[in-house]
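Here is the structure we will look at.
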Amino acid sequence: MPSSVPLAASALAGYLCGSVSFAILIARAKGLDLRQVGSGNAGATNAGRALGRKFGILIYLLDAVKGALPVAVPLLVGWPLEAAVLGGAAAYAGHVWPLYFGFRGGKGVATYSGAMLVLAPWAVLAAGLVFAAVLRLSRTMALASIAFGLSMPLAVWILEPAESLGPRRAALAFAAVGGLLFLYTHRSNLARLRAGRESRLGGPKS
């Protein structure tokens with residue numbers, strides 16, 4: 000069993016790191032309250048619509064880095080894989096429920112993908128292909144993001160044979176729970192899809 004010290008330290012550092020909302024901070028610097036415009040979501044997609052594509056890409060990359068760092072640092076200092084996974088999961092939780100912003104954050108796609116990129120890069124590539132295919136067919140970012148999350152645990156399972164998973168079962172568990180949580184964080188998008196009001200690529204803001 001890994002020591003409780005690395006686990007606790009990784010969880011705390013990951014959550015505090017994940018709670019930094021770059022979307023809110025950058026939008027605020029531009030004179031906007033991102034949670035009052037567009038979809039109201041504090042994430043890269045809404046920021047891109049409100050501030051422009053370059054800012055959306057920048058925020059996505061920053062959110063991905065804040066998911067990757069709490070995974071990479073524990074691994075670099077020699078802590079067990081479970082601590083690294085917990086750091087990534089905590090960063091994801093911090094993005095969705097940020098301590099510094101009233102526990103109202105984004106949907107967590109970029110932060111989750113950054114964490115998983117360190118843990119299972121080939122699985123991220125495979126799930127990314129699913130994302131791209133669904134986005135091309137539906138032109139709906141929410142559906143593509145959900146498809147990415149739901150395909151991630153399957154990609155991890157296929158690309159990491161069961162007999163060799165060992166402690167990587169923690170990474171598989173994070174992939175599964177985190178991916179399924181996309182259904183919750185995208186619940187407003189799913190409601191708009193059912194009502195026929197969800198925006199598509201090139202369409203109006205939502």
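Heads up, the sequence shown is in numbering that gives the first Met the number 0, so the first residue is 0 and it goes up one at a time. From the three backbone atoms N, C-alpha and C, an ideal C-beta is built for every residue, glycine too.
Check your understanding: Rounded to whole angstroms, how far is the Cβ of residue 73 from the Cβ of residue 93, which I believe are closer than 8 Å?
Key -> Translated into the one-based positions of the sequence shown, residue 73 becomes position 74. Translated into the one-based positions of the sequence shown, residue 93 becomes position 94. With a Cβ gap of about 16 Å, residue 73 and residue 93 do not count as contacting.
**Study point:** Alpha-carbon to alpha-carbon, residue 70 and residue 117
**Key:** Mapped onto the sequence shown, residue 117 falls at position 118. Mapped onto the sequence shown, residue 70 falls at position 71. Taking the CA atoms as reference points, residue 117 sits about 7 Å from residue 70.
Practice item. Within the same chain, show all residues whose beta-carbon is closer than 6 Å to that of residue 78, passing over the 5 residues directly before and after it, in chain order. Key: The residue labelled residue 78 in the question sits at position 79 within the sequence shown. Answer for residue 78: 5, listed in chain order.
Point to revise | Neighbourhood of residue 91 by C-beta distance below 7 Å, restricted to the same chain and skipping five residues each side | key: If you number the sequence shown from 1, residue 91 lands on position 92. Only 17, 66, 107, 110, 111, 114 and 177 meet the Cβ criterion.
Review point. For residue 20, which of 11, 75, 105 and 12 has the nearest alpha-carbon?
Key: By 1-based counting over the sequence shown, the position of residue 20 is 21. Among 11, 75, 105 and 12, the Cα nearest to that of residue 20 belongs to 105.
Check your understanding: What residues in its chain sit with their C-beta under 8 Å from that of residue 64, if we drop five residues either side in the sequence?
Key -> The count along the sequence shown starts at 1 and reaches residue 64 at position 65. The residues are 113.
Review point. Which full runs of the alpha helix (DSSP H) of 4+ residues lie inside the stretch 10-68, going along the chain?
Key: DSSP runs (the alpha helix (DSSP H)) wholly in the stretch 10-68: 21-28 and 43-50.
**Study point:** Contacts around residue 39, its chain only, beta-carbon distance under 6 Å, and the 5 residues preceding and following it disregarded
**Key:** Counted from its first residue, the sequence shown places residue 39 at position 40. Excluding positions up to five away in sequence, the list is empty.
Review point. What's the gap between the Cα of residue 54 and the Cα of residue 167?
Key: Against the sequence shown, residue 54 aligns to sequence position 55. Against the sequence shown, residue 167 aligns to sequence position 168. Cα to Cα, residue 54 sits roughly 35 Å from residue 167.
Exercise for review: Kindly confirm or deny that the stretch 126-133 and the stretch 142-156 touch, where touching means at least three C-beta pairs closer than 8 Å.
Suggested key: yes
Review point. With burial defined as no fewer than 16 other Cβ atoms inside 10 Å of the residue's Cβ, what is the status of residue 76: buried or exposed?
Key: As a first step, residue 76 must be located in the sequence shown, where it is residue number 77. So residue 76 counts as exposed.
Check your understanding: To the nearest angstrom, how far is it from the Cα of residue 179 to the Cα of residue 153?
Key -> The residue given as residue 179 occupies position 180 in the sequence shown. The residue given as residue 153 occupies position 154 in the sequence shown. Computed Cα separation, rounded: 12 Å.
Review point. What do you get for residue 48, buried or exposed, if any count of 16 or more other CB atoms within 10 angstroms of its CB means buried?
Key: Translated into the one-based positions of the sequence shown, residue 48 becomes position 49. Under the 10 Å beta carbon count, residue 48 is surrounded by 16 or more other beta carbons and is classified as buried.
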